[in-house]
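The block underneath contains the structure these notes are about, expressed in structure tokens.
Number of protein chains: 2
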Amino acid sequence: MSPEQFREQGKKLIDWIADYYEQVESYPVLSQAKPGDVRKHLPEQAPEQGESFDHMMKDVEQFIMPGITHWQSPNFFAYFQSNTSGPSILGELLSAGLGVQGMLWATSPACTELESHVLDWLVDMMGLPQQFKTTEKGGGVIQDTASNALLTALLCAREMKTNFGTNQLGGCPKTVAYISSHTHSSVEKGIKIAGIGINNLRIIAADENQAMIPEKLEEQIQKDIEEGFIPFFTCATIGTTSSNAVDPVRAIGEVCRKYDIWLHVDAAMSGTAAICPEKRSHFDGLELAKSYAFNPHKWMFTNFDCDCFYVSDKSVLIKTLSILPEYLKNEATEQGAVIDYRDWHIQLGRRFRALKLWFVIRHYGVEGLRHHIREHIQLAQGFSQWVNQSSDFELLNEPPFNLVCFRYKADDAFNKQLMDTLNKGGKIYLTHTVLNEQFWLRMSIGQTSTERRHVENAWNLIQETAQQLKK
Amino acid sequence: MSPEQFREQGKKLIDWIADYYEQVESYPVLSQAKPGDVRKHLPEQAPEQGESFDHMMKDVEQFIMPGITHWQSPNFFAYFQSNTSGPSILGELLSAGLGVQGMLWATSPACTELESHVLDWLVDMMGLPQQFKTTEKGGGVIQDTASNALLTALLCAREMKTNFGTNQLGGCPKTVAYISSHTHSSVEKGIKIAGIGINNLRIIAADENQAMIPEKLEEQIQKDIEEGFIPFFTCATIGTTSSNAVDPVRAIGEVCRKYDIWLHVDAAMSGTAAICPEKRSHFDGLELAKSYAFNPHKWMFTNFDCDCFYVSDKSVLIKTLSILPEYLKNEATEQGAVIDYRDWHIQLGRRFRALKLWFVIRHYGVEGLRHHIREHIQLAQGFSQWVNQSSDFELLNEPPFNLVCFRYKADDAFNKQLMDTLNKGGKIYLTHTVLNEQFWLRMSIGQTSTERRHVENAWNLIQETAQQLKK
Numbered sequence: 218m219s220p221e222q223f224r225e226q227g228k229k230l231i232d233w234i235a236d237y238y239e240q241v242e243s244y245p246v247l248s249q250a251k252p253g254d255v256r257k258h259l260p261e262q263a264p265e266q267g268e269s270f271d272h273m274m275k276d277v278e279q280f281i282m283p284g285i286t287h288w289q290s291p292n293f294f295a296y297f298q299s300n301t302s303g304p305s306i307l308g309e310l311l312s313a314g315l316g317v318q319g320m321l322w323a324t325s326p327a328c329t330e331l332e333s334h335v336l337d338w339l340v341d342m343m344g345l346p347q348q349f350k351t352t353e354k355g356g357g358v359i360q361d362t363a364s365n366a367l368l369t370a371l372l373c374a375r376e377m378k379t380n381f382g383t384n385q386l387g388g389c390p391k392t393v394a395y396i397s398s399h400t401h402s403s404v405e406k407g408i409k410i411a412g413i414g415i416n417n418l419r420i421i422a423a424d425e426n427q428a429m430i431p432e433k434l435e436e437q438i439q440k441d442i443e444e445g446f447i448p449f450f451t452c453a454t455i456g457t458t459s460s461n462a463v464d465p466v467r468a469i470g471e472v473c474r475k476y477d478i479w480l481h482v483d484a485a486m487s488g489t490a491a492i493c494p495e496k497r498s499h500f501d502g503l504e505l506a507k508s509y510a511f512n513p514h515k516w517m518f519t520n521f522d523c524d525c526f527y528v529s530d531k532s533v534l535i536k537t538l539s540i541l542p543e544y545l546k547n548e549a550t551e552q553g554a555v556i557d558y559r560d561w562h563i564q565l566g567r568r569f570r571a572l573k574l575w576f577v578i579r580h581y582g583v584e585g586l587r588h589h590i591r592e593h594i595q596l597a598q599g600f601s602q603w604v605n606q607s608s609d610f611e612l613l614n615e616p617p618f619n620l621v622c623f624r625y626k627a628d629d630a631f632n633k634q635l636m637d638t639l640n641k642g643g644k645i646y647l648t649h650t651v652l653n654e655q656f657w658l659r660m661s662i663g664q665t666s667t668e669r670r671h672v673e674n675a676w677n678l679i680q681e682t683a684q685q686l687k688k
Numbered sequence: 218m219s220p221e222q223f224r225e226q227g228k229k230l231i232d233w234i235a236d237y238y239e240q241v242e243s244y245p246v247l248s249q250a251k252p253g254d255v256r257k258h259l260p261e262q263a264p265e266q267g268e269s270f271d272h273m274m275k276d277v278e279q280f281i282m283p284g285i286t287h288w289q290s291p292n293f294f295a296y297f298q299s300n301t302s303g304p305s306i307l308g309e310l311l312s313a314g315l316g317v318q319g320m321l322w323a324t325s326p327a328c329t330e331l332e333s334h335v336l337d338w339l340v341d342m343m344g345l346p347q348q349f350k351t352t353e354k355g356g357g358v359i360q361d362t363a364s365n366a367l368l369t370a371l372l373c374a375r376e377m378k379t380n381f382g383t384n385q386l387g388g389c390p391k392t393v394a395y396i397s398s399h400t401h402s403s404v405e406k407g408i409k410i411a412g413i414g415i416n417n418l419r420i421i422a423a424d425e426n427q428a429m430i431p432e433k434l435e436e437q438i439q440k441d442i443e444e445g446f447i448p449f450f451t452c453a454t455i456g457t458t459s460s461n462a463v464d465p466v467r468a469i470g471e472v473c474r475k476y477d478i479w480l481h482v483d484a485a486m487s488g489t490a491a492i493c494p495e496k497r498s499h500f501d502g503l504e505l506a507k508s509y510a511f512n513p514h515k516w517m518f519t520n521f522d523c524d525c526f527y528v529s530d531k532s533v534l535i536k537t538l539s540i541l542p543e544y545l546k547n548e549a550t551e552q553g554a555v556i557d558y559r560d561w562h563i564q565l566g567r568r569f570r571a572l573k574l575w576f577v578i579r580h581y582g583v584e585g586l587r588h589h590i591r592e593h594i595q596l597a598q599g600f601s602q603w604v605n606q607s608s609d610f611e612l613l614n615e616p617p618f619n620l621v622c623f624r625y626k627a628d629d630a631f632n633k634q635l636m637d638t639l640n641k642g643g644k645i646y647l648t649h650t651v652l653n654e655q656f657w658l659r660m661s662i663g664q665t666s667t668e669r670r671h672v673e674n675a676w677n678l679i680q681e682t683a684q685q686l687k688k
């Protein structure tokens, strides 16, 4: 593609994307495609001869768009958001254009230094413990997902507890880890990957607010120690996936400190709320964490993938994951004056993801980000009040952040039918969870362009649909 | 950012990127920045108020660009390439614009179905075993990197050998894996991560062409079995990182089959060469592999990240990595009619990476891709002939693909000085390796825009620089 063609097609694509955002509400939020609907339109073999970009974009419109679920619609209330924004999309574009590899400092110093700098900015912006700064003993790195951040934390914990012996010898079948029944499924996956085994994963009971009970944690730890097990890792969550529950980080952290257990705090979705000082009480005790992760790609207008992962001691992380083959040796690394981020995660290669995060923070400014997050939280509080005031619906609990769990006062089958009907209608998209053996609808309010009118319309539609189904 | 601002700034950025590619040869290929040079220009705190996009782009030019190593320069001959192209950059832009999550089929059917389809296309385009198709027993998935593909393969192998017992029980300290001394460092990292331990990683001797010796592999396996170890995994490489050596896949595969060992074949860089039928002899025996990976983000004009990972039996992969929390349950998954790619890799979330690969394949067509790959291989062969004909330089061996290892006929210190002088000069960038305890320069020819004149200029510069240093 010549530079001239790139200019022409690139500008058309920029317009296409702008048009898409202007029209996004006209699409059904949840794709109405059936299995195989997309593939059946695609030719069996790749073309031998090159095709025009216009032809490809026509196929995008005809065959791809009907198979898209519109995560960027203001009427997307499902799962957790994966929101984005103009400056983020342009940051991703610039990153793709420059096409640099940031595996080592030397392979593009700006890629590493901007990342360290922006992650240090976030520590101050969000009132996180200073120990997480790269200029201190700890440090931050952009990981792709909270799953990989969790796995990295788990490996550090495993190696700390076994004196870096598992890396060398393999296997540590007596080490045990602790989560609550509401911790994200990535811990279970990580426990399998790291060779710990899910038999060595203890599920600690949660209270009526779905928060881990620290006393139960300590009881289990004592029992394990008595039985010859070696407690090594606990994951606490600020804003669980099911219901946005907040584990008591300080109390859990004190138990972990007492028994020398690595505490990882997962705030993948809700971590962004720390930009609002009035929400920081939920983060109390975070200085007791050895590692922490939150996802700007969920709620900070930065497109996927962008997870910010912090450790309180970077030397442990580097010792856990470092490799140094001859072909990666270079002067800057040997002098020890730089960060080589390839030692901070599972992968070797990495792209220039700090650009989009830098663009987003600078475009909005800290005040702008805080304003939007407050708005989402207020919308969620408003929605929960409407639910509370309705005689037909019930609320799980007061939402600490931007997720409302609610249900129609009927059986599970009715609530599932209500959800399916709403989603098939295409006007809104929301998902569910099961809590206390009951089916609950989840209303997550965090899309970049979601306004009060979208939430009001959603509530009206939910009520009307329930009424119609009741008939 | 309003749609109008997005249109304006997006089009300016498209022009900026096109300008960049037109001027890329005017930059020093290797960034001349010293540690801290980038950070020192950045304000200590994030801005409270939003800033203009123009302001950010000015900072990109002033502070970021001097810290960029120009991976997209036609004079970049270092490491392995991480090349890209116009249609790929636009594919990444479209993916960022749509901002969909492909963790489940249901969360955007097109994201999953296009990926399966394009990966099946590649099987035919490259003459890979049919067993790797998603429409057969196996299947393909886009991973971010070959490191994660390798880790995934390692986990499948571990679980197959332990009857999915390590996932459950943890630890398997008697399982042993096999690589050659030229296998990529990601295996060592993966072996640590998966809890195998590097004491259980056997390094098999390589022959004079840096290829694993299958007889030595079998000897070691027999020795391990006698000593009570459980052989479970071998990684063979088509195109090693140091020197592009090719392990004898068929002979290794037959040994693996005999002892029921999972064979993973890593062709991260050189896999793209299979698009040329005359290069397929290097891939002989690939049907014996349980898993295979190659990176379009290295040599197929598709920007990072895009690794294609194939397995011969998808049920093993899914059983190894599957998790199913309540909040991810949905009708399509429960009916079993679809692929949910979240079970095919470490992460849960995933972006729409198939778009850029689809665009690249369609833009070039199979013939176009083949043409460019052949050109790179011819340039490497030409360069190796020049080295061979020179009385001052020596060649490691005939390059099977596009990497030439060579050295000046002098000691290691001189060769290192030669490399450093060339790189600091900024006109070309190349890196090194150590083979047979000697320092070798690596000339990797695979940039999208590298032409004969760039390789000629590089060779002239290398000769002149060596002459000057000799004085």
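Order-wise, the sequence lines are chains P and R. For reference, each letter of the first sequence is one residue, going 218 to 688 in our numbering. For reference, each letter of the second sequence is one residue, going 218 to 688 in our numbering. All C-beta atoms in this analysis are idealised placements derived from N, C-alpha and C, irrespective of residue type, glycine included. These numbers were taken from a predicted model, which means no experiment stands behind them.
Taking 9 Å as the CB-CB cut-off, is residue 528(P) touching chain R? no
Going by C-alpha to C-alpha distance, which of 507(P), 340(P), 518(P) sits closest to residue 486(P)? Among 507(P), 340(P), 518(P), the Cα nearest to that of residue 486(P) is on 518(P).
Buried or exposed for residue 173(R), going by 16 or more other Cβ atoms inside 10 Å? Limits of chain R in this structure are 218 at one end and 688 at the other, which puts residue 173(R) out of reach.
Is it true that the CB of residue 284(R) sits closer than 9 Å to the CB of residue 332(P)? Not a contact, by the Cβ cut-off of 9 Å.
Residues of chain B with CB closer than 8 Å to the CB of residue 579(P), please, in chain order. Absent here is chain B; the protein component of the structure consists of chains P and R.
In the DSSP assignment, the alpha helix (DSSP H) including residue 453(R) goes from what residue to what residue? Counted as a single uninterrupted DSSP element, the stretch harbouring residue 453(R) is not any alpha helix (DSSP H) but the beta strand (DSSP E) occupying residues 447-454.
Given residue 280(R), which residues of its chain have a CB within under 8 Å of its CB, disregarding the five upstream and five downstream residues? 255, 258, 259
With DSSP as the reference, identify every bridge partner of residue 395(P), one or two as the case may be. 419(P), 451(P)
Just mark residue 253(R) as buried or exposed, buried being the case when its beta carbon has 16 or more other beta carbons within 10 Å. exposed
Please list the partners that residue 333(R) has in chain P, where partner means a Cβ-to-Cβ separation under 9 Å. The contacting residues are 256.
Hey, residue 577(R) and residue 291(R): beta-carbon distance below 9 Å or not? no
Under 8 Å by beta carbon: chain P residues contacting residue 630(R): Simply none; closest approach about 14 Å.
What's the call for residue 682(P), buried or exposed, on a 16-neighbour Cβ count within 10 Å? By the neighbour-count rule (16 or more Cβ atoms within 10 Å), residue 682(P) is buried.
Which residues in the same chain as residue 323(P) place their Cβ atom closer than 6 Å to its Cβ, once the five residues preceding and following it in sequence are excluded? 547, 549
May I ask which residues mark the beginning and end of the beta strand (DSSP E) holding residue 268(P)? Looking at the DSSP string, residue 268(P) is not in any beta strand (DSSP E), and its letter there is neither H nor E.
Could you name the residues of the same chain whose beta carbon sits closer than 6 Å to that of residue 429(P), not counting the 5 residues immediately before and after it, in chain order? 397, 421, 423, 464
Between residue 445(R) and residue 391(R), is the Cβ-Cβ spacing less than 9 Å? Contact flag set, yes.
Where do the N-terminal and C-terminal ends of the beta strand (DSSP E) with residue 322(R) fall, by residue? Unbroken run through residue 322(R): none, as it is neither H nor E.
Residue 167(R) versus 472(R), 224(R), 582(R), residue with shortest Cα-Cα distance: Chain R is shown only over 218 to 688; residue 167(R) falls outside these bounds and no answer can be derived.
Any Cβ of chain R within less than 9 Å of the Cβ of residue 227(P)? yes
Per-residue contacts from residue 232(P) into chain R (C-beta, under 7 Å): 224
Using a cut-off of 8 Å between C-beta atoms, extract the partners of residue 346(P) located in chain R. Per Cβ cutoff of 8 Å: no residues; residue 346(P) is ~17 Å from chain R at best.
Does the pairing of the stretch 525-544 of chain P with the stretch 604-624 of chain R give three or more beta-carbon distances under 8 Å? Cβ pair count under 8 Å is below three, so no.
Proximal chain P residues relative to residue 419(R), where beta-carbon distance stays under 7 Å: Ordered by position in chain P, no residue passes the 7 Å Cβ test against residue 419(R), which lies about 13 Å from the chain.
Tell me the DSSP secondary structure of residue 360(P) in three-state form. strand
If you measure beta-carbon to beta-carbon, which residues of the stretch 399-418 of chain R are closer than 9 Å to chain P? 401, 402, 403, 405, 406, 407, 408, 409, 410, 411, 412, 413, 414, 415, 416, 417
Contacting residues, own chain, Cβ-Cβ under 8 Å from residue 632(R) (five flanking each side not counted): In its chain, beyond the 5 residues on either side, 624, 625, 649, 656, 657, 658 have a beta carbon closer than 8 Å to the beta carbon of residue 632(R).
Within 7 Å of chain P by C-beta, residues of the stretch 508-523 of chain R in sequence order: Contact annotation: in the stretch 508-523 of chain R, residues whose CB is within less than 7 Å of a CB in chain P are 520, 521, 522.
Which residues, taken in chain order from the stretch 310-328 of chain P, show a beta carbon closer than 9 Å to some beta carbon of chain R? 310, 311, 312, 313, 314, 315, 316, 317, 318, 320, 322, 323, 324, 325, 326, 327, 328
Which of helix, strand or coil does DSSP assign to residue 246(R)? coil
Just to confirm, is the Cβ distance from residue 586(R) to residue 667(R) under 9 Å? Against a cut-off of 9 Å, the Cβ pair of residue 667(R) and residue 586(R) comes out as no contact.
What does DSSP give as the partner residues of residue 624(P) in its beta bridges? BP columns for residue 624(P) point to 611(P).
Please tell me whether residue 462(P) has its Cβ less than 9 Å away from any Cβ of chain R. For residue 462(P), not one C-beta of chain R is nearer than 9 Å to its own C-beta.
Burial state of residue 419(P), where buried means 16 or more other Cβ atoms lie within 10 Å: buried
For residue 431(P), which residues from the same chain have a beta carbon less than 7 Å from its beta carbon, with the 5 sequence-adjacent residues on both sides left out? Same-chain partners within the cutoff: 465, 468, 469, 472.
Collapsed DSSP secondary structure at residue 401(R) in the structure displayed: Look at residue 401(R) here: in three-state DSSP terms it is coil, with no helix or strand label.
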